[in-house]
Amino acid sequence: MLARFLRRILDAPGMAIWVPALVAVLIASLPTLFTAPPSPIIEDEWGYLLSADTFAEGRLTNETHELWQQFETVHQFQTPSYQSKYPPGQAALLALGQVLGHPILGVWIGVALMVASIVWMLLAWMPTRWAWIGGWVVTCQYVVIGQPFQTGTFGYWSQSYWGGALAAAGGALVFGGVARIVKEARVWPSVAMALGLLILANTRPMEGLLAAIPAMLWVGVWLLKQRGAARWPAIQKVVLPAVLVLTPGFAFMGYYNHRVTGDALEMPWNTHYEQYCVFPVFLWQQPAPDRDWRYDDLREFHSGLEMSMYERHRGMKGLVISSVRKLARFWIFFIGPVFTLPLLLGAFGLLRDRRMLWAAVPVGLIVASNLAKFGAPPHYSAPVAGLVIVLI
-10 MLARFLRRIL DAPGMAIWVP ALVAVLIASL PTLFTAPPSP IIEDEWGYLL
40 SADTFAEGRL TNETHELWQQ FETVHQFQTP SYQSKYPPGQ AALLALGQVL
90 GHPILGVWIG VALMVASIVW MLLAWMPTRW AWIGGWVVTC QYVVIGQPFQ
140 TGTFGYWSQS YWGGALAAAG GALVFGGVAR IVKEARVWPS VAMALGLLIL
190 ANTRPMEGLL AAIPAMLWVG VWLLKQRGAA RWPAIQKVVL PAVLVLTPGF
240 AFMGYYNHRV TGDALEMPWN THYEQYCVFP VFLWQQPAPD RDWRYDDLRE
290 FHSGLEMSMY ERHRGMKGLV ISSVRKLARF WIFFIGPVFT LPLLLGAFGL
340 LRDRRMLWAA VPVGLIVASN LAKFGAPPHY SAPVAGLVIV LI
């Protein structure tokens, strides 16, 4: 009787999705329940919390203060409006938490969405019982262990305001939707895919684009294979629902940019960079001229701390050492020693299952982009977090 009951649970997709998600939230909340909500440590967290507070108050941005020169700080700009440089996705999640009582609640909601979305994605790639295992791997590796990085705490996706979980959920929705679409044209997987694309665009735009390109190519190849009378129903069930979701989503993104920067096509990140930053993003770029910093703290951060990463990449020796560190950081956070052997064994699956190749390509693109950038903390790679579990 008990064995039959357990088998029914293990074969229930809904249980596989929500049980690990609820356990992950419980684990993520334990430090706060026994001590206090985590305090922001990294400057980025303060930027996200500024946006979250703005959204929670019912505004998209803030008016420039008449004494705005007195309030300048890193990762935020004061003109043409007062806002942080980051896309609004993570801040919207924190704002939801703030409305419910505290921004950390938004972090936990993101953790639940991440675990549930990744398991939902896995159910399109593997049997239910394997998806169960994947849910526990996500909980252990991304929620509990993780890599401390600069926050000084383990599981920084669940114990800081820096983000990662929401972008991981977005990537899982994209690839879970695509994996279902290529099996059978249906509306709801297309809607999930489109929602995932919007989440990626509002959390990790560049990495999300790199991850989405292979996914869209996969759908495009599938559409081209639909012949005759099958093509129009495929367009109706896949293309049209996605367009209906993406059109208002991207329109709102343009409106948000317009309110914050004054230009619908200019993201807040670009506005901040032009005002304060000299640090190049990619290895082949050169530093920008010094900006008109009004305070030594800003000068020290932008021309000192950030530029130190640029200096560490100069020369072949520095480039090699920095690249090894990035690869090690990716490996420690997403794979770790426990799952290294399963990943290596899973590499043989690339030769047997074409879907594994579609999973490996986005991961490879993200790793390559990390190597091409001066800085790449683990949450930059969050859009492919679910695909790493597939490969494991």
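The numbering used here applies: residue -10 is where the sequence shown begins, and numbers increase by one.
Idealized CB from N, CA, C, for every residue including glycine.
Model, not experiment: these values are computed from the prediction.
Taking C-alpha atoms, which residue in P92, A240, E196 and L85 lies nearest to H368? Answer by Cα proximity: E196.
In chain order, what residues of the same chain have a beta carbon less than 7 Å from the beta carbon of A223, not counting five sequence neighbours either side? A174, L212 and Q215
Rounded to whole angstroms, what is the Cα-Cα separation between I361 and L187? The sequence as given places Ala at residue 361; Ile does not occur at that position. Approximately 25 Å, taken between the alpha carbons.
Would you mind working out which of D279, A154, I381 and R193 sits nearest A10, comparing C-alpha positions? A154
Provide the residue span of the alpha helix (DSSP H) that contains P2, from first to last. P2 to F23
Under a three-way DSSP split, which group does S297 fall into? helix
Would you check if the distance between the CB atom of A105 and the CB atom of I6 is smaller than 7 Å? yes
Would you call G458 buried or exposed, if buried means 16 or more other Cβ atoms sit within 10 Å of its Cβ? Given a span of -10 to 381 for the chain in the structure shown, any question on residue 458 remains unanswerable.
Can you tell me whether Y390 is buried or exposed, with buried defined as 16 or more other CB within 10 angstroms of its CB? Here the chain has residues from -10 to 381 only, and residue 390 is not among them.
Hey, could you find the ends of the alpha helix (DSSP H) P203 is sitting in? P194 to K214
Alpha carbon to alpha carbon, what distance is there between G47 and W320? 40 Å
DSSP three-state label for Y244, please. helix
Spatial distance of A1 from W114 (CA atoms): 15 Å
Is it true that the region 230 to 240 meets the region 54 to 61, where meeting means three or more beta-carbon pairs spaced less than 8 Å apart? no
Less than 7 Å between C-beta atoms, sequence neighbours within five positions excluded: which residues of the same chain meet that for D394? In the structure as shown, the chain begins at -10 and stops at 381. Residue 394 is therefore absent and cannot be evaluated.
Contact belief for V267 with H302 at Cβ below 8 Å, rounded distance in angstroms: 15 Å between Cβ atoms; not a contact.
Could you check whether the region 347 to 358 touches the region 250 to 263, counting it as contact only if at least three pairs of C-beta atoms, one from each stretch, sit closer than 8 Å? no
Which listed residue (R343, Q67, T24 and F323) has its alpha carbon closest to that of A157: If we check each option's Cα against that of A157, F323 comes out closest.
With respect to the alpha helix (DSSP H) encompassing V267, which residues constitute its N-terminal and C-terminal limits? No alpha helix (DSSP H) holds V267; DSSP gives it neither H nor E.
Helix, strand or coil for S149? Go by DSSP, reduced to three states. coil
Assigned secondary structure, N51 (DSSP; H/G/I helix, E/B strand, else coil): strand
Nearest-angstrom Cα separation, counted from Y131 out to V96: 13 Å
Using the C-alpha atoms, what's the distance from T117 back to V227? Rounded to the nearest angstrom, the two C-alpha atoms are 25 Å apart.
Taking Cβ positions, are T192 and P76 nearer each other than 7 Å? Yes. Within cutoff.
Spatially closest choice to I355 from A13, Y37 and A200, by CA coordinates: A200
Own chain residues within Cβ distance below 8 Å of I134, not counting five before or after: F143, G144 and G325
Considering only C-alpha positions, which residue in the set P69, R(-3) and W35 is nearest to T250? Checked all of P69, R(-3) and W35; the closest Cα to T250 is P69.
Between the Cα of P20 and those of G243, R(-7) and I93, spot the shortest distance and give me the residue it belongs to. Here the closest residue by C-alpha is I93.
Whole-angstrom C-beta distance between F363 and Y299, which should lie under 8 Å: At roughly 6 Å, the Cβ-Cβ gap stays under 8 Å, so Y299 and F363 are in contact.
With respect to the alpha helix (DSSP H) encompassing Q79, which residues constitute its N-terminal and C-terminal limits? Where Q79 is concerned, the enclosing alpha helix (DSSP H) starts and stops at P77 to L89.
With a threshold of 6 Å on Cβ separation, who are the neighbours of P178 within its own chain once the five nearest residues in sequence on each side are excluded? Answer for P178: G166, R169 and I170, listed in chain order.
With 16 other CB atoms within 10 Å as the buried threshold, where does P422 fall? As displayed, the chain neither begins before -10 nor continues past 381, which places residue 422 out of reach and without an answer.
Let's see if you can read the secondary structure: which residues bound the alpha helix (DSSP H) around S312? G304 to F323
Which term fits T128, buried or exposed, when burial requires 16 or more other beta carbons within 10 angstroms of its beta carbon? buried
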